[in-house]
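Let me begin by presenting the structure, written as structure tokens, before commenting on it.
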Amino acid sequence: DDPLFAYEAEGASWEEVGSDRLLHVRKGEDYASYRFGPQRLGFRSLEAQKVPHRVVRTYSSLGALVRSGHSYFVSEGLLVRKGYRPKGDEPAIPYAILCLYRPVPKVDGILRAIRNKPVN
């Protein structure tokens with residue numbers, strides 16, 4: 101769920117199977133991270149822009165993250181699937197959804213099925 105891992109994985113192959121957008125909800129300098137998803141992209145953008153921030157909490161529950169008083173990054177697709185209305189305070193960060201795999205006989209069939217029904 102973090103595209104940067106595909107570039108760091110040794111001996112693995114990857115294929116783009118869809119795309120999503122990372123939303124930035126700003127509620128101040130204190131940030132919460134969500135245990136799942138590509139927040140690393142968002143935090144790297146803050147660091148590149150030299151935006152003051154600090155991660156003070158990590159959530160496993162999407163509902164708790166959304167209700168928290170902290171700023172956060174979250175996948176727009178995840179919010180929609182869980183019934184939330186996506187709303188970010190900054191322009192969304194587009195990112196690719198990748199299938200990371202090691203070549204084995206059954207992977208080709210799985211990739212063919214994913215290609216026929218891309219994730220968006």
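Letter by letter, the sequence shown follows residues 101 to 220 of our numbering.
Virtual Cβ for every residue (Gly too), placed ideally from N, Cα, C.
For clarity, every value in this text was computed on a predicted model and none was experimentally measured.
- Run the CB neighbour count on D189, radius 10 Å, all protein chains shown included, and call it buried at 16 or more, exposed below. As a working note, residue 189 is residue 89 in the sequence shown. When all chains shown are included, D189 counts as exposed.
- Task: On the DSSP bridge assignment, give the partners of S113 in chain order.
- Result: For the purposes of this step, residue 113 is taken as the residue at position 13 of the sequence shown. S113 pairs with Y201.
- Among all the DSSP beta bridges, which residues are the ones paired with L178? If you number the sequence shown from 1, residue 178 lands on position 78. Note: L178 sits in no beta bridge, so no partner.
- Query: From this set, E108, A112, E176, L211, which residue's C-alpha is nearest P191's C-alpha?
  - Reply: Residue mapping note: residue 191 aligns to position 91 of the sequence shown, counting from 1. Comparing Cα-Cα distances from P191 to each of E108, A112, E176, L211, the minimum goes to E176.
- Is it true that the CB of G169 sits closer than 8 Å to the CB of K127? The residue you call residue 127 lines up with position 27 of the sequence shown. The residue you call residue 169 lines up with position 69 of the sequence shown. Yes; because the gap between Cβ atoms is below 8 Å, this pair is in contact.
- Query: Where are the beta strand (DSSP E) runs, 3 residues long or more, that stay fully inside the stretch 131 to 173, in chain order?
  - Reply: Whole beta strand (DSSP E) segments, 3+ residues: 154 to 159.
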